[in-house]
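*Asks:* Here it is, the structure in full.
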Amino acid sequence: MQVRLTDVVKRFGPVEAMAGVSVTITDGEFFTLLGPSGCGKTTTLRVIAGFYDPDAGTVHFDDTLMNGVPPAERGIGIVFQNYALWPHMTVYENVAYGLRLRRVPPAEIRRRVEATLEQVGLQGLGDRTPGQLSGGQQQRVAVARALVLNPRVLLLDEPLSNLDAKVRARLRSEIRRLQQELRITTVYVTHDQEEAMVLSDRIAVMDRGRILQIGTPVDLYERPASLFVADFIGTNNLIAGTVTASRDGQVVVETPAGPLRGVARGALAPGSRAVVAVRPEHLVLQREAPGPLDVTLAGRVVLSQYLGNVVRYELETGGGIVVLVDVHDPRRHRLLAPGAEATVGFAATSALVFPEDRQS
Amino acid sequence: MTAPVADAVPLPAVARRRRLPPVAWVLPIYAFLFLFIVFPLWRLFADAVSTDEGQWTVRFLLDFVRDAFYQRALLNSIVVAGGTVLGCAVIGFLAAFLLVRYDFPGRALFSYLTMLPIIMPPLVGIMGLVFILGRAGTVNVLLMDYLGLRAPVNFIYGWHGVLLAMILHYFPLITLNVVDGLSKVDASLEEAAEAAGARGLRKVLDITIPLVTPGFISGATLVFILAFADFATPLVVGVQNLIASQAYLNIVQFVDRRLFKMGIVIGALMAAMAIVFLVVARRVVAMREYAVVSYRAVERRPLAGPWRIAVPAFFTTVLTLAFLPYLGVALAAFGRAWSLTPFPTRFTLAHLDAVLHLTPIYVINTLRWSALAVAIILAVGVPLGWVLARSTVPGRGLMDAIVTLVLALPGTAIGIAYIRAFHFPLPLVGVVLSRLWIIMPLVLAVRRMPYTVRATFAALLNLHRSMEEAAASVGASGLRTFVDVTLPLIWRGVLAGALFSLMFALQEAAATILLFLPGWETMTVGIFTFYTSGTIGQAAALGFVLILLCAATLYAVYRLTGARMGGLFGSGGG
C-alpha cells in the first residue's frame, strides 16, 4: 500500500516538529526516515501511525484520507523503541491481544499467534513473560505483535537502538528478510546511517522538521544534495574557503590548506563562501597514485589507525586543517609513522563543493 | 603540544585506618529491633497461647473463636475495614487517574489538597464530623430550623459514620500509591494497545489498571489493617461492637482476667493479620511488580465540555467532605456554649487557653515524646536505611521485613504487646520499662521509624554508588565518604522522612492511649478522655492545635520534596 504525506505540519507549542513534510512511500517499499535526534523523524512516523493528527496537510493510505482516523483503524503495525511489551501479559498474550479484541475465534488466534511467533523465531516461548526474555527476544515479540494483525504498513521506531552490536546486526538482516518475504510497506526510523543504508530501498534525510533529500543509499552517498547530507551520510572531509574561479561545472576554492577543485553543487559565484567535501577513500597518497592528481595537499601525519582492511590517517595540512585519508587493502602499502611528511591528492570529479550553510 | 597536567611530586599517602568489621556497626541496630519489636511481638503471641502460669494452651483461642459476641465483632470489623478499602479504592483511583491523566481547572491545587486529609488523626476527624453532622450538629440544626425536620437525621452515629470518617481520612493513601504507579506507565504501552485496537475503558481495564495494581495492593492492605485496628474512632461515635474497640475495653479494665486475656488474643490476632497481609501483599507485588522504565509519560489531556465542570465538582465535593471535620473542630474549639444553633453564637479563647496555659501538659508531652522519638528514629533509622541500601551484612532481608511489618502493625497490637512485654523487670537490667516515661518516645519511635528508614533507603537508591566510590578512590574512609558525599546529597530525603515520622508520632492515638500512665498524657489521650467525658470544648481545642502542628510539619515536607512520596506508604516493600 502506498503512504502519501502532503505538506504535513505538526507543532508542539512553538516548536515545528514537522515543517511541511511531503513524501510518497510506494507499495512494498522499505523506507527509512533518517536524521539526528529532534529532526522530526519520530513525529513523522507517529503522524503516519495516527498517534498525532497533523496541524496542516494530509496523510493518505492509497487514496483514502487518514487524517483523524485512529491508529487501530488504519491497518498499521507498530514497533516501539522500548518495545512496549505489556509486562503483565505473557508473550503469547501480548501477540494475541489485538486478535482477541477483534473477536477472532480462539482456534484461529492460536494458529495465527503460533505462526507469527515461528516467523520471528520465537516458537515455544509463548508462555514466558517479557521480563524473562533478552532484549533481542523482546524485540522479536514486538515485531510479532505488530505483524500478527496483517498490517498494511509496518512502522518501526528505532527498534534496534537498545540492543548490543551483534544482536543488532542479526536482527537487522532478519527485519529485512521478513519485509522482503511479506512485501509489506515499511517505514523505519533511525538516527544510525549505517542501519539506514543496509536496510532501505529509499531513505529520507531529515533535519529541523524538513526532508532534505530522498534517495537510494547510493544516491545519498554519492550525490548528496546538500552539505548537511554530505556530512551526515558517511564520513567526509569538509574544508571551507572562498570560490576563486568557476569553469565547466567545476570550481576552484581557496582554502587555508591551499587551492582545491571540485564539482559545484549549487550556485557558486566567484567570491562566495563554499565548503569542499571529499571522502577519505578518495584521497590517495601521491607516491602511490597510478597517475597525476588534480588536486594535492601536503601535510604531516598526526595519527595513524590500522584497522586491518583499511588504514586511516589524520593528516595535518596547511592552516592546521586535519584531513582523514583512508588507504584500503593496505598490504602493499608502507605504513607512515606519526610525524612523517606526506602529500595526498584527489581527482576533482570526486570532490563536491557546496555553498556554505549559514545556519551551522 | 600539551604540557603534563600534574607534575610528578609524590603526594603523601592516605593514612590507613583500622576498620571494624561491618557487622559491628549493625549489632546495635539488631539489638534495637530485637528488643523493641521482635521480643514484644513474641510475648504477645506467647501470651495468647499460654496461661498466666506459663502453660501452653489453645483454650483462649478457642474461647475467642467460639464466643458469638466476638464472632459478630470480628465480622463487623472486617465489614468496616473492607468497606473502607472499597470506598478508598473508588475515590482514590478516580482521583489519581484524573490528576495524572487530565488537565482541568484547579488541577494543581486539588493535587495538593487531596494529600491533606492525612494530616488529621481519624480521632480528631470523627470528632469534627460529629460537630457538623451529629444529632445536634450544624446540618441537623439547619434542617430542623429551616426545613421543619422533626427528628435529627443520624448521619454519623454507627458504622456508616465510622466508614465515612475512615474513607475521608485514608483515601489519599490509595491516591498516592496509584499516582505513583500511573506516572511510571510508559506512554508507548498504552499506544501499543491503541494500535492493537483497545480504546477508552477497554484500554484502561486491560493495560493501565493491571500495571498500577501492585501499588494499589500495597496501599490497600495498609488501609485495611489501619481501619481494622482503629479503636478510638469508633468509640467516639459509640460503636463498641468492633474487634479493636473490644481489645481496648478489655485491656484497660482491671477486673476480669478472662476479658484481659481476650484483649491479648485480639492484639495477637491483629499482629498475625498484619503479618499475613504483608506476606500476601509482598507475593502479589513481587509477582506483578514490573521494572518498567518510563521513557515518556502519557500526555495529560485537557478535559472538555461538561467534564470541565464535573471533575472539579467531584474534587470539590470530596475535599469539602474531607475538610468538614476541620471546620467542626475549629468552630468547637472557639465556640462558647455552642448548642442548638448551626454555628456558635459567641466565641471565646477560653478552651485554647485551658489546653495551652492552664493544663499545657498534653501539648508539652506530645512535643516532648515526639521530639525524642524522632531523635531515636534518626539515630537508628538512618543507619538502618543505609544498611538496607548499601551493605551486604547478614540479616538484611529480615531487617527489611521487620521495618515493613512495623508499618503495617496496628498501634493497638503494639500497645498491647508492650503492656505485656515490658510489664516485667527486663532480664539483666532489671527495670520495668512500662513504668518509665521513656516507653512513650520508644513506642512512638518504633511505630514511626519506617518512614525515615524508607526515605533514607529511597534517597540512597537514587544516589548512584559511583559517587561514593569516587570518594573512596581518592582516599576517603567510609565515614568520611558518608559525611562529605552521601549526607549532603540525601539529607533532603532523610529529613522529609523524619518529618513524616514526626507528623505521625504527633497523631499516634492507639499505642499511647494504651500505654500512658498519669502524667504522661499526650494530646490524643487528652482529646479521647475530654471528648468521652463530655468536655468537648477542650477536646476540640486540643484537636485544633494538633491539626496546626501536623499541617506545619506537612508544609515543611512539601517545601523539601515537592510532593512525590508515594513510596513511603505501602506494605509492598521498599
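From first to last, the protein sequence lines stand for chains S and B. Our numbering numbers the first residue of the first sequence as 1 and each following residue consecutively. Our numbering numbers the first residue of the second sequence as 1001 and each following residue consecutively. All C-beta atoms, glycine included, are put in the ideal place defined by N, C-alpha and C.
#1: By the three-class DSSP mapping on this structure, what secondary structure does Tyr83(S) have?
#2: In this structure, does DSSP put Gln1253(B) in helix, strand or coil?
#3: Contact between the segment 330 to 340 of chain S and the segment 290 to 307 of chain S: three or more CB pairs below 8 Å?
#4: Ala1552(B) to Leu1129(B), Cα distance in whole Å?
#5: Is the shortest distance between the beta-carbon of Pro1004(B) and the beta-carbons of chain S less than 9 Å?
#6: Could you say which of Thr116(S), Thr255(S) and Glu181(S) lies nearest to Ala146(S) if we only look at CA atoms?
#7: For a test of the three-state rule: what should DSSP assign to Asn1076(B), helix, strand or coil?
#8: Quick check on the burial criterion: 16 or more other C-beta atoms within 10 angstroms. Buried or exposed for His88(S)?
#9: How would you list, in chain order, the residues of chain B whose beta-carbon sits under 8 Å from the beta-carbon of Leu101(S)?
#10: Could you tell me which residues DSSP puts in a beta bridge with Gly241(S)?
#11: What is the residue span of the alpha helix (DSSP H) that Glu1508(B) lies within?
#12: Using a beta-carbon distance cut-off of less than 7 Å, what residues from the segment 294 to 319 of chain S approach chain B?
#13: Assign Lys1184(B) to one of three DSSP states: helix, strand, or coil.
#14: CA-CA distance, Thr343(S) and Val353(S)?
#15: Can you give me the C-alpha to C-alpha distance between Pro1425(B) and Leu1222(B), rounded to a whole angstrom?
#16: Measure how close the beta-carbons of Pro270(S) and Thr244(S) come, nearest whole angstrom, since I'm counting them as under 8 Å.
#17: Please specify which runs of the beta strand (DSSP E), each continuous and at least 3 residues long, are wholly inside the segment 11 to 68 of chain S, giving them in chain order.
#18: Using CA coordinates, which residue listed in Glu288(S), Ala257(S), Arg261(S) and Thr242(S) is at the minimum distance from Gln250(S)?
#19: Are the CB atoms of Val1545(B) and Leu1356(B) within a distance shorter than 9 Å?
#20: Using a beta-carbon distance cut-off of less than 9 Å, what residues from the segment 27 to 51 of chain S approach chain B?
#21: What are the boundary residues of the alpha helix (DSSP H) that includes Pro1122(B)?
#22: Give every residue of the same chain whose Cβ lies closer than 7 Å to the Cβ of Ala1003(B), excluding the five residues on either side of it in the sequence, and list them in chain order.
#23: State the start and end residues of the unbroken beta strand (DSSP E) segment that holds Arg202(S).
#24: Indicate whether Thr296(S) and Arg273(S) have their beta-carbon atoms separated by less than 9 Å.
#25: Report the residue from Ala1417(B), Ser1466(B) and Ala1541(B) whose alpha carbon sits nearest the alpha carbon of Ala1510(B).
#26: Are three or more beta carbon pairs between the segment 1247 to 1254 of chain B and the segment 1177 to 1190 of chain B nearer than 8 Å?
#27: Could you check the C-alpha separation between Leu1495(B) and Pro1450(B) for me, to the nearest Å?
#28: Report yes if the C-beta distance between Gly131(S) and Tyr92(S) is below 9 Å; otherwise report no.
#29: Chain S beta carbons: is any one of them nearer than 9 Å to that of Leu1495(B)?
#30: Could you list which residues in chain S have their beta carbon closer than 7 Å to that of Pro1210(B), in chain order?
#31: In chain B, what lies closer than 7 Å to Ile76(S) by C-beta?
#32: Which residues in chain S sit within 7 Å of Ser1188(B), going by Cβ to Cβ distance?
#33: Nearest-angstrom Cα distance between Val284(S) and Ala298(S)?
#34: Is it right to say Gly1537(B) is buried, meaning 16 or more other beta carbons lie within 10 angstroms of its own, or is it exposed?
#35: How about Gly77(S) and Leu154(S): are their beta carbons less than 9 Å apart?
#36: For chain B, find out if any of its Cβ atoms is closer than 9 Å to the Cβ of Leu147(S); answer yes or no.
*Replies:* So, from the data block:
#1: coil
#2: coil
#3: yes
#4: 22 Å
#5: Note on Pro1004(B): pLDDT 49, under 50, position unreliable in the model; no value is reported.
#6: Thr116(S)
#7: helix
#8: buried
#9: Ala1196, Gly1197, Ala1198 and Arg1202
#10: Ala274(S)
#11: First-last for Glu1508(B): undefined, no H or E at that position.
#12: none
#13: coil
#14: 21 Å
#15: 34 Å
#16: 6 Å
#17: 15 to 25, 30 to 34 and 56 to 61
#18: Arg261(S)
#19: yes
#20: Arg46, Ala49, Gly50 and Phe51
#21: Pro1122 to Leu1133
#22: Unreliable positioning characterises Ala1003(B) in this predicted model, as indicated by a pLDDT of 48, which lies under 50. The coordinate reading is nonetheless provided below. For Ala1003(B), where only same-chain residues beyond five positions count, there are no Cβ hits under 7 Å.
#23: Arg202 to Asp207
#24: no
#25: Ala1417(B)
#26: no
#27: 13 Å
#28: no
#29: no
#30: His88
#31: Ala1195
#32: Phe80, Asn82 and Ala84
#33: 12 Å
#34: buried
#35: yes
#36: no
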